[in-house]
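Residue numbers for the sequence shown, in this note's numbering: 103 to 282.
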Amino acid sequence: MTSTMIVLIVGIVVVLTAVYVSWRAGRLDRLHIRLELARESLDAALMRRRAVVLELAGSRLLDPATSLVLAAAAHEARIAGPDEREHAESDLSRALRAAVDQERFREKLAESPGGGDLLEELDTAVAKVVYSRRFYNNAVGVTRTAQRRWLARTLRLAGHTEFPSFFEIDDNPPATMSPE
103 MTSTMIVLIV
113 GIVVVLTAVY
123 VSWRAGRLDR
133 LHIRLELARE
143 SLDAALMRRR
153 AVVLELAGSR
163 LLDPATSLVL
173 AAAAHEARIA
183 GPDEREHAES
193 DLSRALRAAV
203 DQERFREKLA
213 ESPGGGDLLE
223 ELDTAVAKVV
233 YSRRFYNNAV
243 GVTRTAQRRW
253 LARTLRLAGH
263 TEFPSFFEID
273 DNPPATMSPE
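(1) What does the alpha-carbon distance come out to for the pair isoleucine 181 and valine 115?
(2) In the DSSP assignment, the alpha helix (DSSP H) including asparagine 240 goes from what residue to what residue?
(3) Going by DSSP in three states, glutamate 264 sits in which element: helix, strand or coil?
(4) Is the beta carbon of valine 231 sitting closer than 8 Å to the one on leucine 137?
(5) Using 8 Å as the threshold, is the C-beta distance between valine 154 and leucine 172 below it?
(6) If you run the structure through DSSP and keep just helix, strand and coil, what is arginine 129?
(7) If you draw a straight line from the C-alpha of arginine 187 to the C-alpha of lysine 210, how long is it?
(8) In its own chain, which residues sit with a C-beta less than 6 Å from the C-beta of alanine 190, not counting the 5 before and 5 after it?
(9) Runs of 4 residues minimum, wholly inside the segment 143-209: which ones carry the alpha helix (DSSP H) assignment?
(10) Given a cut-off of 8 Å, decide if alanine 212 and arginine 151 are closer than it, judged by their beta-carbon atoms.
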């Protein structure tokens, strides 16, 4: 083997390695973009659910105690800081389940003027929270796996981004929720 051949082989290996590292860095960047979009979608779904719950609580279609419980839970979820957010959103889910799963709740609300529309909006908002959280947690799992790889850690391909964390809340829909 001549020195020209060795230089050529080393050059090809260096170029292929650089292409692979660049591809991995690009993939990690795309995963972070996907993660940000999923987080924004989850935030929008949670905000929509809070808005619908507040609208329902203020509609005068519910008894005062139920309205107060729902409004308080939605307000707490709205003002919760990043550390308390998961807990506050879980509390809102539990309050919503307790209200909606009351005997004849859906029938009474559907019979009220405007109640059917609110019920439909509520079902949609609750379902979107479930789907958005699943999508976000899936994106977190894929991104964490990519960040944990040896090459990504060694070459710091993720830069100084934080290790993403899952968003764990109790988002079980009410038992009487109509199937989507």
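Just so it is clear, CB atoms sit at the ideal spot from N, CA and C, and this is done for glycine as well. Values in this document were obtained by computation on a predicted structure and should not be read as measured data.
Reading from the atomic positions:
(1) Cα atoms of isoleucine 181 and valine 115: separation of roughly 55 Å, rounded to the nearest angstrom.
(2) Per DSSP, the continuous alpha helix (DSSP H) segment holding asparagine 240 begins and ends at 217-250.
(3) Glutamate 264: coil per DSSP, three-state reduction.
(4) In this structure, leucine 137 does not lie closer than 8 Å to valine 231 by Cβ.
(5) It is not a contact, given that the beta carbons lie outside the stated cut-off.
(6) Helix at arginine 129.
(7) Looking at the two C-alpha atoms, the distance is approximately 32 Å.
(8) Result list for alanine 190: Glu178, Ala179 and Ala182, in chain order.
(9) Runs of the alpha helix (DSSP H) inside the segment 143-209: 166-181 and 187-202.
(10) In this structure, arginine 151 lies away from alanine 212, with their beta-carbon atoms at least 8 Å apart.
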